[in-house]
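S.K.: For the sequence shown, the numbering used here assigns the number 579 to the initial residue and increments by one for each residue that follows. Backbone N, C-alpha and C define an ideal beta-carbon position, used for all residues, glycine too. Source: prediction; values computed, not measured. Can you read through this structure? Questions will come right after.
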Amino acid sequence: MTAHAAPGDPVRTTCPYCGTGCGVLGGPAVATPGDTDHPTNFGRVCAKGSALGETLGLENRLLHPAVDGVRTDMARALDRVASRFAETIVEHGPDSVAFYVSGQLLTEDYYVANKLMKGFIGSGNIDTNSRLCMSSSVAGHKRAFGEDLVPCCYEDLDEADLIVLVGSNAAWCHPILFRRMVDARARRGTRIICVDPRRTASAADADLFLGLKPGTDVALFNGLLAFLARDGKVDEGFVAASTAGFSEALDAAWKDGDVASVAAICDVALDDIEAFYRAFADTERVVTVYSQGVNQSSRGTDKVNAIINCHLATGRIGRAGMGPFSFTGQPNAMGGREVGGLANQLAAHMAFENPDDRDRVRRFWNAPRLATGKGLNAVEMFEAVGAGRIKALWVMGTNPAASMPDANRVRAALRACPFLVVSDCVPDTDTLRHAHVALPAAAWGEKDGTVTNSERRISRQRAFMPLPGEAKPDWWMISEVARRLGHAEAFAYRGPADIFREHAALSAFENTGGRVFDIGGLADIADAGYEALRPVQWPVVSGARHGTPRLLGDGRFPTADGRARLVPVRQQAPANPVSHDQPVMLNTGRVRDQWHTMTRTGEVPRLMSATAEPVLDVSPADAAMFGVTEGGLAEVRSLWGRALGRVRITDQQRTGEVFLPMHWTDAFASRASAGRVCNPACDPVSGQPELKHTPAAIAPFPMR
Ligand code: SF4
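Following this line, the structure appears as structure tokens:
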């Protein structure tokens, strides 16, 4: 079978759910089995991936555009989008409009959206729901390495002797990668240590579980840095030759105290802390995996750097079986980072702050009005919509009315927005209900392009079904609006291969001033080569077609002096503490069989069967304290809103903390959306919201 199969045959494509990026075989006649040739999963798929074939029907599809709730044709709908954006820009300036995009978009979609907003409209106001997922990792990478670089690859999970999972329930959220870890344990005795406030499925399968108090990760890793120094495990040669800031970082770490102090801060048994520190100190091949439990915090960037500091101090980075490894949540969070889909990025890892970068991008795009500075991040963007500063907003492939923190305020902002465009593939989301223009977008199986997974591997998503109704790829709709805004030449793409080549050419070394992110070797790829593109890890430098599994192993970093930075960080509490009126800390996250706001996975009965409702996990002591009962309904109340959950009493939950899944929306049940309750406080460096720490009260519902 070739990548581009005969009509009706299975087509090699990529799963559209988590950032693992598994290869699957798509086709109307197959049940999306894993692609045995894909180097991520070698044929395996998880429950969600195996059910992809059951999500392909047209029953729950948006098939035609609508303006003000009335069906129209695509040309008229796009005319309306372009004319309202143009009027708004003329009247109120380029910063009065914004795009809010998604890690579900393909890289080609993302590239075109970023180019239109930053290069031709002239505003930095494009941000992505990946802001909610991994922007603290991006910021931490930049502070430590000088560029947003993931040094590891999945083979490192196979080759590690110790894997530390921090704020990552990989067993549920990245199941195929967790299988690789468990296989490594069976094959070479790899130990798995899980650090998480909840005793998750990953914790249950770990060799050691540290059930730390939420928000104390910096203390844990500062304590580890101090322990490594005391124990003589610092790689003095690497630190001297390849890093800066070690003394300052260690001084800060000492201030969080000795092992006993750390045990007290983290509320973990001293023996367990010592066992973790001893295992890390004595094992050369250590991979530290971290995910949303680290990122979704008002101190997320500091947590990331506290972890990276320990790898830099020991020189355990960029070599087989070792390194700090951020797992991305969404299928193309990484692709969005590559093109500049975050409001503070320019393009191709270039920076607004650098005048040379701005000049390079301006010349490359022949951009008439390149944005001069960063735009609004996700939380700021919806605040600006609510305050009337943003008057035209285009939401692409995401549902912020449900998924943003302080979602009640986001809904109010969307209701008040003078002009809201929503492009999506489903007909009813909490966001779409407020749209002035609804645009039918191509869905998985219909759209064509690339995605990049957590290990920097670019894989093709290939179409294997025709576009239904009037649905169109996102890049096409954005380009058509650009054409109507007077930029026909710059957006005259014949298809995704044209866009990919342009993106690759922009990333080439000479165009980016020598950034590590470089896929210039793919800039001259022919249409047939793009169609047949095999999964490949960036960088792919000019003159090459092969990729690069690991980065930074040579001890050189893309900073001005070539050294990595250890960043001094101190333990700090979450932004909002519990109080008399909000006595428990609400944590939110994923369940095993659902994806985001369930627009696809919610359609599959067997995926709904494991967890049919939003289940509120409560410890036995808290259940007794607050009078909630197993199987009963409970209301969660915070300063920002209320939501309902079905109570499950479990000793997997720490007392004083409750957990509610993020997936349910008002489309399933009234007041089911966790976003209504969540705290909008953000990390000051990354702008990532604190979705793991919301002070709240719980009570039986209805009140007795
Ligand atoms: Fe899809 Fe992630 Fe499951 Fe792989 S692990 S099949 S990418 S949901």
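Could you pull out every residue in the same chain whose Cβ sits closer than 8 angstroms to the Cβ of His582, ignoring the five residues on either side in sequence?
M.R.: Unreliable positioning characterises His582 in this predicted model, as indicated by a pLDDT of 46, which lies under 50. A coordinate reading is not provided.
S.K.: Comparing alpha-carbon positions, which option in Tyr855, Val679, Ala985, Gly918 lies nearest Asn1257?
M.R.: When each option's Cα is compared against that of Asn1257, the closest is Ala985.
S.K.: Compute the beta-carbon to beta-carbon distance between Gly597 and Asn1031, rounded to the nearest angstrom, for a pair I have assumed lies under 8 angstroms.
M.R.: The Cβ separation is near 6 angstroms, so the contact holds.
S.K.: So does Val602 have its beta carbon nearer than 8 angstroms to some heavy atom of ligand 1?
M.R.: True, at least one ligand heavy atom lies under 8 angstroms from that Cβ.
S.K.: Say yes only if the C-beta of His889 is nearer than 8 angstroms to one or more non-hydrogen atoms of ligand 1, and no if none qualify.
M.R.: Incorrect: His889 has no Cβ contact closer than 8 angstroms to ligand 1.
S.K.: Leu740 to Arg658, Cα distance in whole Å?
M.R.: Computed Cα separation, rounded: 56 angstroms.
S.K.: Alpha carbon to alpha carbon, what distance is there between Phe854 and Gln870?
M.R.: Whole-angstrom Cα-Cα distance: 21 angstroms.
S.K.: Applying the criterion that 16 or more other CB atoms from any shown protein chain within 10 Å of the CB defines a buried residue, is Gly724 buried or exposed?
M.R.: Buried, by the Cβ-count rule.
S.K.: Go ahead and label Asn932 buried or exposed: buried means 16 or more other beta carbons lie within 10 angstroms of its beta carbon, across all protein chains shown.
M.R.: Looking at its Cβ environment, which holds fewer than 16 other Cβ atoms inside 10 Å, Asn932 is exposed.
S.K.: Considering only their Cβ atoms, is the gap separating Leu802 from Leu788 smaller than 9 angstroms?
M.R.: No.
S.K.: What is the DSSP secondary structure of Trp972, counted as helix, strand or coil?
M.R.: In this structure, Trp972 counts as strand in the three-state DSSP scheme.
S.K.: Does any heavy atom of ligand 1 sit closer than 8 angstroms to the C-beta of Tyr732?
M.R.: No, the beta carbon of Tyr732 sits no closer than 8 angstroms to any heavy atom of ligand 1.
S.K.: If we count the other Cβ atoms within 10 Å of its Cβ and call it buried at 16 or more, is Lys1270 buried or exposed?
M.R.: Buried, because 16 or more other Cβ atoms sit within 10 Å of the Cβ of Lys1270.
S.K.: Does the region 927 to 944 come close enough to the region 676 to 683 that 3 or more CB-CB pairs lie under 8 angstroms?
M.R.: No: fewer than three Cβ pairs fall under 8 angstroms.
S.K.: Mind checking which residues open and close the beta strand (DSSP E) that includes Asp576?
M.R.: No information on residue 576 is available, as it lies outside the stretch 579 to 1282 that the chain covers here.
S.K.: Quick check for students: name the residue ranges of the beta strand (DSSP E) that lie wholly in the region 778 to 836, counting only runs of 3 or more.
M.R.: Listed in chain order, the complete beta strand (DSSP E) runs (minimum 3 residues) inside the region 778 to 836 are 786 to 788.
S.K.: State whether the region 639 to 655 contacts the region 856 to 876, with contact taken as three or more CB pairs (one from each stretch) at a distance under 8 angstroms.
M.R.: Flag = no, the region 639 to 655 and the region 856 to 876 do not touch.
S.K.: Just curious, the alpha helix (DSSP H) that Ile1227 is in, first and last residue?
M.R.: No alpha helix (DSSP H) contains Ile1227, which is instead part of the beta strand (DSSP E) from 1220 to 1227.
S.K.: Can you find the residues in the same chain that come closer than 6 angstroms, C-beta to C-beta, to Ala831, ignoring five residues on each side of it along the sequence?
M.R.: These residues qualify, in order along the chain: Asn800, Leu803, Ala804.
S.K.: Measure the beta-carbon distance from Ala1086 to Asp1096 and round it to whole angstroms, keeping in mind my assumption that it falls under 8 angstroms.
M.R.: That belief holds up - the Cβ atoms of Ala1086 and Asp1096 are roughly 6 angstroms apart, short of 8 angstroms.
S.K.: DSSP three-state call for Phe1087: helix, strand or coil?
M.R.: Note: Phe1087 maps to helix in three-state DSSP.
S.K.: For Pro1280, is the classification buried or exposed, using 16 other Cβ atoms within 10 angstroms of its Cβ as the cut-off for buried?
M.R.: By the 10 Å Cβ count, Pro1280 comes out exposed.
S.K.: Where Arg969 and Leu998 are concerned, what is the direct C-alpha to C-alpha distance, given to the nearest angstrom?
M.R.: Checking the displayed sequence, the identity of residue 969 turns out to be Lys instead of Arg. Distance between the alpha carbons of Lys969 and Leu998: 8 angstroms.
S.K.: If you scan the region 746 to 779 from start to end, which runs of the alpha helix (DSSP H) of 4 or more residues do you find wholly inside it?
M.R.: DSSP runs (the alpha helix (DSSP H)) wholly in the region 746 to 779: 748 to 751, 753 to 766.
S.K.: Using DSSP bridges, identify the partner residues of Ala838.
M.R.: Bridge partners of Ala838: none, in fact.
S.K.: Considering Cα atoms alone, identify which of Ser1037, Ile699, Trp1173, Asn747 is closest to Ala625.
M.R.: It is Trp1173 whose Cα lies nearest to the Cα of Ala625.
S.K.: Who are the near neighbours of Ala911 in its chain, counting only those whose CB is closer than 7 angstroms to its CB and skipping five residues on each side?
M.R.: Excluding residues within five positions, the ones whose Cβ falls inside 7 angstroms are Gly597, Gly681, Ser708, Cys711, Met712.
S.K.: Exposed or buried, what is Lys833 when buried is set at 16 or more other beta-carbons lying within 10 Å of its beta-carbon?
M.R.: Answer is exposed; the Cβ neighbour count stays below 16.
S.K.: Buried or exposed: Thr1175, going by 16 or more other Cβ atoms within 10 Å of its Cβ?
M.R.: Answer is buried; the Cβ neighbour count reaches 16.
S.K.: Could you name each continuous alpha helix (DSSP H) segment of 4 residues or more that falls completely within the region 1064 to 1108, going from the start of the chain to the end?
M.R.: Taking only runs of at least 4 residues, the alpha helix (DSSP H) segments lying wholly in the region 1064 to 1108 are 1074 to 1085, 1087 to 1090.
S.K.: Leaving out the 5 sequence neighbours to the left and right, which residues in its chain are closer than 7 angstroms to Val1255 when beta-carbon positions are compared?
M.R.: So the list reads Leu1164, Val1214, Ser1216, Trp1218, Gly1219, Arg1220, Ala1221, Thr1272, Ala1274, once near-sequence residues are dropped.
S.K.: Which of helix, strand or coil does DSSP assign to Asp726?
M.R.: Reduced to three states, the DSSP call for Asp726 is coil.
S.K.: Using a Cβ-Cβ cut-off of 6 angstroms (strictly less than) and excluding sequence neighbours within five positions of Arg863, which residues of its own chain qualify?
M.R.: Excluding residues within five positions, the ones whose Cβ falls inside 6 angstroms are Ala738, Asp739, Gly899, Met900.
S.K.: Comparing alpha-carbon positions, which option in Ile843, Thr976, Val1147, Asp1229 lies nearest Ala1013?
M.R.: Per the Cα distances, Thr976.
S.K.: Give me the Cα-Cα distance between Ser1021 and Asp860, rounded to the nearest whole angstrom.
M.R.: Contrary to the premise, residue 1021 reads as Ala rather than Ser in this sequence. In a straight line, the C-alpha of Ala1021 is about 48 angstroms away from that of Asp860.
S.K.: Please report the straight-line C-alpha distance between Ala991 and Phe620, rounded to a whole angstrom.
M.R.: So the two alpha carbons sit approximately 45 angstroms from each other.
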